[in-house]
Structures are given as structure tokens and as C-alpha cells.
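Enquirer: What follows is a structure written as C-alpha cells; I'll ask about it next.
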Amino acid sequence: MRIRTRGFGMLAGIALIVSACSGSPTPVPPTVAPSVSAPSVAPSTPPASVAPSSTPAPSFAQKPGLKIGVVTDIGTLDDKGYNEFSFKGAQDGATAIGVTDPVPSIVPKDASEYAADIQQFVSQKFDVIVTVGFNLTTPTVDAAHKNPNIKFIGVDQSPECILPTGAPDPNFACKGVPATALPNYTSLYFAEDQAGYLAGIVAAYADKGAATPTGVIGAIGGTTLCAPCVRYIQGYTLGAQSVNPSITVKSAYVTHDFSNAAFNDPAGGKAFAQTFIQANKPDVLFQVAGKTGNGVLEAACAANIYGIGVDVDQWASLGAPANACIITSAEKHVESAVAQAIEGIAAGTLTAGDVLFNAKNDGISAADFHDKASLFGPEVTTALNTAMAAMQAGTLVTCPATGCGVAP
Amino acid sequence: MDLTPIINGLYGIPVVGLVFQLAGYLVSVIPQNGPNIMQQATPLALGAICGVLCERSGVVNIAIEGTMLAAAFTAWVVGVAIQPMFGTPNPSDIFGITLPLLIALAAAVLVAMAISALHAWLSISLRADQIISGTIINIAAAGLTGYLNQLISQNSPAGAGEFARFVPPAALTNLPVIGWVLALLLNQGPISISVIVLVVGTQVWLFRSRWGLRTRAVGEHPRAAETVGIDVIRTRYRNVILGGVFAGLAGAFLSIEATNSFQQNMTAGRGFIALAAMIMGRWTPIGSFGAALLFATFLQIGTLINIAPPSGQLGSIMAGVPPQLFDALPYILTIVILAGVVGRSTPPAADGQPYEREAAT
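Order-wise, the sequence lines are chains A and B. Counted from 1, the first sequence has number 1150 at position 298 by this note's numbering; the numbering is strictly sequential. Counted from 1, the second sequence has number 181 at position 39 by this note's numbering; the numbering is strictly sequential.
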């Protein structure tokens, strides 16, 4: 038995060497797609929403020898959230640039393992390491600083705080400029306010269309410390007001720290939302609280009001019967963003520092209405398309000029 | 009679008026949130009863958290597994009970009893350190349920659903003064609604029955109990395993009554708060229930201040207080009460001490 496993190991090693030899020195020049131009990402990347034609031309720079590893946040690889879609994005990106080896992933058991798990990929001489979630910011920045020859992609790690040398700044003075001090590190972040804005438009129309509209819509965030959560809700408010200037948008945050209550307590989230619904009588409730928020959606459905999901299309990810009242979700296209970043590395076009994913580069959207489509007339689709076009043109304000991402 | 001028007068008194404003705010918001308070109190009260039964017989059980978590997982996963066999049964009018839900509940209780039996075996028969045994169970439960959940939840399978809440007639809940208490206790699902019965039942059982007397004797002075013919080992086993039933109910409450889902570590420390409630309640079921209610009430007050803060002078003062303070309110209260009130109460004398029979001569 022992010998056999060793034999497998040798086989795998030989396979690795063979694949590495056969693959690497055949770079295909990128064909420039004239579609949407992302400011800082590979211009060769068409948005994922554009359906590929029947003959998929390899329009991406090919780097089959690239070894790509993913370190997720605590939790599971199939969390129907960040971990899962970042991992899928890494797989998509690997496929697009011709990598045939499976993309390995490590799921840390707790925060103390982050650095060690990243180090595992470093030790095995991986070329690209994707780390998922802002909790991994410091370990990722640290590893990027120590390993300048490895490319690091951090999902949702902005703003990272570093010293001018590129090392993580323990004193949070943040004097270093990531783009120059850490040329091998890219943080992908998202315009949550734009996704929230679209959700707000849908919410305002759903409120109008309710049997007895209360003129109130609500949003529940996990914690005030989560800037993306706050941006979602700020965009949501502005989006709803763009449809109905007199609408009341009530928002509350389950807690003010990063305890379990913020994102991992569905029972607590449900109780919180029940209180919220009782106090504010909203027609629509938008959850921005992870698993805690799944309890929020349950409370919304139980109270016969509409729910709006977050980050991914929760109508699809939660399934029946939990999705009974979900009208849409404010989506961040993590999968697309990670894939674009890996393609950008292969093409040599990925810039260091913070790279924003928004309406311009397929970073955000509002999810499909699914079985709730009959609730919404053509004017809703028009309003969404108009807003999307304005965001792509950069002319729509979706977050307050001062205090964007800062809870009131 | 219109009380408004009197109330406004009271509110207007400097400094002391704030107390009246606070009282007025609480009186206006807490009654209508009674059922929410009970929702938060249920797992704590059930966990605390588990603790009371164990510790009254002399076995410290800090594995309540892990037992609850394993039970929550079992209830959910059994629901997932057997749901296809039953199609989509029509929920009964009472509590939305379906056969799969009942099976899931029974499975959760059985698993919790099995885990408690493991704890009993480790700490009673093997005389292992009871804290270490409990810690092991907590760690194992978190790891195992997390891993299995990862395997199972891949295709987001539908669970067996959840128990529905009983809606008491408005004639009851609209009664003056006690109406909201009735709503608190009765506008609940089956597990939650049974808490009050279980609390009173275990209280009577522990202090008015032969088994209860023996349990307490074993917890206070096992050697003396043995001399009068009580089987210490068997009594402890029975109590610890019976305690598991309550931890199992608490876990099932989280995954098939309060919500219809399982999440990794979804107990979120409730098993430990239950232990605090047990101590605050001086190792009695009724006291523990009161402590759980108190804790849940303060949790609810924190939420309410967050969602619908009071207006006027009190509101502007509260707006200046860091909101973290209100989040921490129930925990601060726990520390204060444990330090002050319970300082004089003592645990069962033989609590946590393994018992060794005297060698027969």
C-alpha cells in the first residue's frame, strides 16, 4: 500500500514535469476585443454576460504552465458565496489561459492558518495565488512582500494598509502605495453601491406594486465595520430614491463588531429581522449579512414581504422553498473578476494595486427576477438598463460623496 | 383618563426624568416583541436545563454547545435525507407538523443523548477530567458537522422544512397586562412552546420526586448516597443522558424551528450562555429559565435600541453612546449578575468530581 502511494506520487511528479515542459513557451498573442474597456484589466476580456459564439476562439493569452492556487476564507469551498465563486473564477481563468492541471484550493480552519496555507503554495512554487476575502489581507500582503516573483490576487481586500516598503503596516499609518510598493499584488474590489443601486430600483418598484404599499423599504447589514455592506445599503437607498423620491429607506446593522452574530447566525438574524419588520413595516427587505442574512430572508418571507439577496443570485443558490419571496439579488461577479484577473496575468496586462470591478467591466448586476418577473412591468427593466448604462458611462452617483462605505 | 400630561411631566424632570423615559420606552417596545424574546431564550433555557440535570448529579457538562450543534445538524440532515421518501406532505394545521419533521426531531434528540452518553462514559466510568471531555466533544462536534455539512450541502438540498408557530387567539393576547406574556409564551413553535412545561416539569421532578432527591444527594455527597443504597454511577448516567434530550431539543430548535437551515457553528456560543444562565439561575430549572429570559430580553433591548431608538432627550443621549455598548449589554449584565447576585449561591458540593466506589472488603 505504501509503495503504491509512493508510486502514485512519482507518477504525479513526472506528470507535472511533463506538463510544465510541454506547456510554457507557447504564448499566443492576445487578440484585442473591442468590447467594454476595463480601465485596469486585460482589454482582451469580454464580459461574461456576452454569450460565447459557437466557435470559441482562444482570445486569451495562453500560459498553460501557470500554477494557480486558491486559499479561501474560513468556511467551505461550496458556500455559494465568496469562496465558491472565487474558486470557480480561478478555474475559469485557468481554463481560459490553457492550464489543464486542476486548480488546488485550501480552506483554512481558522484565522491562525491563513499565513501557513498561503505558504504551502509558496513552498510548492506556485505562480499565482488567489486569496479570498478581506480577512486574508494582511497574510496575503505579507506573503506578496516576501515573494516578489509570485503573483497574488486578493479578492475584496481593499483598502490594504502597507508600509512604503511593501510590508503590512501594523500601525495602520498606511503610507505605502500598494500599486508601486507591491507590484506583484492585485486586490480586486467591487462597486457594491452600484449593485445596491440596482437592487434599490427593484425594491422601490416592488414597494409601489405591493397590495398596500407602506412606502417603506428596509435593509439589514451584518456589521457597521463592513464597508462593502455599508456601500450596498447606501447604493440601495439612492437607487430606491431615484424611482420614488419620497420613499423611506430604513436600515440597521445586526452588530457593530465581527462576532458570529454579524455573518454566521441565521437564528439571530431571523429574530433581528422580525423585530425590524415589526418596528418599520417595510414592503421589501434587503439582506447584506451573509448567513445571518439568510435568517433575515426567512423572516421576510414569513412576514409576507419581499426579500432581496446579496453577493450572488440567492434565488438560485438558496433554492425552494427558502427563495419564495426573493425578487432579485444585488450581485457581485466575483467569478468573472477572478477569471479576468488571471487572464490579465497571462496577458501581462493586470495592474498592481486596487482594481475596481463595476458596471463597466462586468463586476456587478442585479440578478434575474426568476418567478417574480410578472411583478415587474417593462418600466422596471428600462429603469435598470438606464441606470446600468449611466453607471457604465460613469455619470451616475451611487454612493454619497462623503462617507461612502462609512456607516452613519 | 388621559395620562399624557402626567407622563410628559414625569419625563420633564431633570435627570430622574430620564429614568421615566427609559421605563416608558421599554414598556412601549418590549411587550410587542415578546415572541422574539422567547425565540432567543428557548435554546438558552433548554441548554440550561441540560446543565442543571447534569450538574445536580455531580457531572459538569460544558459540552452543551457541541451537543446542541450536533443535534441541530442531525435534525437538518435527517430532514434532507428522508424528505424525498415522503414527497411533499401537507403540514398539519397544528405547528405545521409533518412526519419527516418529527423523525428529524427524534433523530436530533437521539444523537444528543448518544453524545451525552459519551460524555457520561468518559467522565463517570473512565473518570476523565470532565472539562476536557466536554471540550473534546465541542471541538469534535464543530469539526464533524462542518465537514459533513460541506459534503452534503453541495447541491443545496431542501430540508424537511420547519415547524410553524402557533397563533394564539387575539382574545388572549389582547388581554390587559398579561396579554403580551401569553403571546410571548404561546406565539411559538412546538419546541419553544413546550419550554415552560419542561421547566416546570423538571423543577418539580428535581425537588419533589424520589429520583430528584436521589439526584441531588448524589451531586452533594455521593459517598453518603451510596451508603444508603443509591447507585451513584447509574444515577449520574441517567441524568447526563436525560440532559442530552434537552440539548437535543435546543439544537433541533435552531435548525428546524427557528430557521430552516444549518450553518457551520450556528449555535454561536448559545451553549455557553446557557451555562451562564444555569449558574445565574442557581442550578434550578425555573431560575435558569428566568435567567435565559432576562438575557434574551437584554439582547432584544439592544436590538430595539439599534432598530427603533427612543425619541426625545433619552434618544439623543443614547445616540451619543457607542452602539457596541448596546451589543454588549446582555454580556455585561451576565457578568454583573454572576459577580453580584450569584456570589452567594454555591454549586452542588460534588459537582465535577469523579466518583470512585469504595473497594469492597
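Each residue gets a CB set at the ideal place from its N, CA and C atoms; glycine is no exception.
If contact means a Cβ-Cβ distance below 9 Å, which residues of the stretch 1085 to 1109 of chain A contact chain B?
Expert: Listed by position along the chain: 1102, 1104, 1105, 1106, 1107, 1108 and 1109.
Enquirer: With a threshold of 8 Å, are at least 3 pairs of Cβ atoms found where one atom belongs to the stretch 203 to 219 of chain B and the other to the stretch 1164 to 1172 of chain A?
Expert: Verdict: no, contact absent.
Enquirer: What residue from 1181/A, 1046/A and 976/A has the CA that sits closest to residue 1246/A's CA?
Expert: The residue with the shortest Cα to Cα distance from residue 1246/A is 1046/A.
Enquirer: Where does residue 902/A land, buried or exposed, given buried means 16+ other C-beta within 10 angstroms?
Expert: Residue confidence is low: residue 902/A scores 39 on pLDDT, short of 50, so the model does not pin down where it sits. Its coordinate-derived value is still stated next. Exposed, since its Cβ has fewer than 16 Cβ neighbours within 10 Å.
Enquirer: Excluding sequence positions up to five away, which residues of its chain have a Cβ less than 6 Å from the Cβ of residue 1056/A?
Expert: Excluding sequence neighbours, residue 1056/A sits near 1092, 1095, 1096 and 1099.
Enquirer: In whole angstroms, give me the CA-to-CA distance for residue 1069/A and residue 1160/A.
Expert: The alpha-carbon atoms of residue 1069/A and residue 1160/A are separated by roughly 11 Å.
Enquirer: What does residue 265/B pair with, by DSSP beta-bridge criteria?
Expert: Partner(s): none; residue 265/B has no beta bridge.
Enquirer: Put residue 1077/A into one of helix, strand or coil per three-state DSSP.
Expert: Residue 1077/A falls in the coil class under three-state DSSP.
Enquirer: Taking any Cβ of chain A, which residues in the stretch 443 to 477 of chain B have a Cβ under 7 Å from it, in chain order?
Expert: Flagged, chain order: 445, 446, 448, 449, 450, 465, 466 and 469.
Enquirer: Taking three-plus beta-carbon pairs below 8 Å as touching, is the stretch 1047 to 1054 of chain A in contact with the stretch 1073 to 1080 of chain A?
Expert: Contact between the stretch 1047 to 1054 of chain A and the stretch 1073 to 1080 of chain A is absent, because fewer than three Cβ pairs lie under 8 Å.
Enquirer: Quick one: what's residue 1181/A bridged to in DSSP?
Expert: Paired residues: 1161/A.
Enquirer: Only counting the same chain, and skipping five residues up and downstream in sequence, which positions put a Cβ closer than 6 Å to that of residue 182/B?
Expert: Answer for residue 182/B: 438 and 441, listed in chain order.
Enquirer: Measuring CB to CB, does residue 362/B end up less than 8 Å from residue 190/B?
Expert: Contact: no.
Enquirer: Counting only runs that start and end within the stretch 199 to 287 of chain B, where is the alpha helix (DSSP H) found for 4 or more residues in a row?
Expert: If we require 4 residues or more, the alpha helix (DSSP H) runs fully inside the stretch 199 to 287 of chain B come out as 206 to 228 and 241 to 262.
Enquirer: Are the C-beta atoms of residue 227/B and some chain A residue less than 8 Å apart?
Expert: False, the Cβ-Cβ gap to chain A never drops below 8 Å.
Enquirer: By a C-beta neighbour count over all protein chains shown, 10 Å radius and 16 as the cutoff for buried, is residue 266/B buried or exposed?
Expert: Under this definition residue 266/B is a buried residue.
Enquirer: Using a cut-off of 9 Å between C-beta atoms, extract the partners of residue 1143/A located in chain B.
Expert: Those within 9 Å of residue 1143/A in chain B are 403, 405, 406 and 408.
Enquirer: Less than 8 Å separating the beta-carbons of residue 968/A and residue 1190/A?
Expert: Not in contact: residue 968/A and residue 1190/A (Cβ atoms no closer than 8 Å).
Enquirer: Quick one, which of 391/B, 458/B and 449/B has its alpha-carbon nearest residue 469/B's?
Expert: Per the Cα distances, 449/B.
Enquirer: Only counting runs of 4 or more residues, tell me where the alpha helix (DSSP H) segments fall wholly within the stretch 330 to 382 of chain B, in order along the chain.
Expert: You should have 332 to 350, 352 to 362 and 364 to 369.
Enquirer: With 16 other CB atoms within 10 Å as the buried threshold, where does residue 962/A fall?
Expert: So residue 962/A counts as exposed.
Enquirer: Closest Cβ-Cβ distance between residue 1119/A and chain B: below 8 Å?
Expert: Yes, residue 1119/A lies at the interface with chain B (some Cβ there is under 8 Å from its Cβ).
Enquirer: Considering only residues of the same chain and omitting the five flanking positions on each side of residue 300/B, which have a CB-CB separation below 8 Å?
Expert: 222 and 225, listed in sequence order.
Enquirer: Give the residues of chain A in contact with residue 178/B, contact being defined as C-beta atoms less than 7 Å apart.
Expert: Per Cβ cutoff of 7 Å: 1123, 1126 and 1127.
Enquirer: What does the Cβ neighbour count give for residue 466/B, buried or exposed, with the cut at 16 atoms within 10 Å?
Expert: By the 10 Å Cβ count, residue 466/B comes out exposed.
Enquirer: Hey, residue 167/B and residue 452/B: beta-carbon distance below 8 Å or not?
Expert: Contact flag set, yes.
Enquirer: With a cut-off of 8 Å, does the C-beta of residue 1166/A fall near any C-beta of chain B?
Expert: Residue 1166/A does not count as touching chain B.
Enquirer: Is residue 1060/A helix, strand or coil by DSSP?
Expert: Note: residue 1060/A maps to helix in three-state DSSP.
Enquirer: Measure the C-alpha to C-alpha separation of residue 262/B and residue 1169/A and round it to an integer number of angstroms.
Expert: Approximately 41 Å between the Cα atoms of the pair.
Enquirer: Count the C-beta pairs between the stretch 1171 to 1182 of chain A and the stretch 922 to 937 of chain A that are closer than 8 Å, then say yes if the count reaches three, no if not.
Expert: Touching, no.
Enquirer: Rounded to a whole number of angstroms, what is the C-alpha to C-alpha distance between residue 239/B and residue 233/B?
Expert: If I take the Cα positions, the gap works out to 5 Å.
Enquirer: Interface residues of chain C around residue 200/B at Cβ under 8 Å?
Expert: The structure shown has no chain C; the protein chains it does contain are A and B.
Enquirer: Chain A partners of residue 295/B, CB-CB under 7 Å?
Expert: Going along chain A in sequence order, the residues near residue 295/B (Cβ under 7 Å) are 930.
Enquirer: Give me the chain A residues within the contact set of residue 182/B, using Cβ-Cβ distance strictly less than 7 Å, ordered along the chain.
Expert: Neighbours of residue 182/B on chain A, chain order: 1123.
Enquirer: Just the C-alpha distance for residue 194/B and residue 385/B, rounded to the nearest angstrom, thanks.
Expert: Cα-Cα distance, rounded: 8 Å.
Enquirer: Which residue comes first and which comes last in the beta strand (DSSP E) that contains residue 1037/A?
Expert: Element bounds for residue 1037/A: 1037 to 1042.
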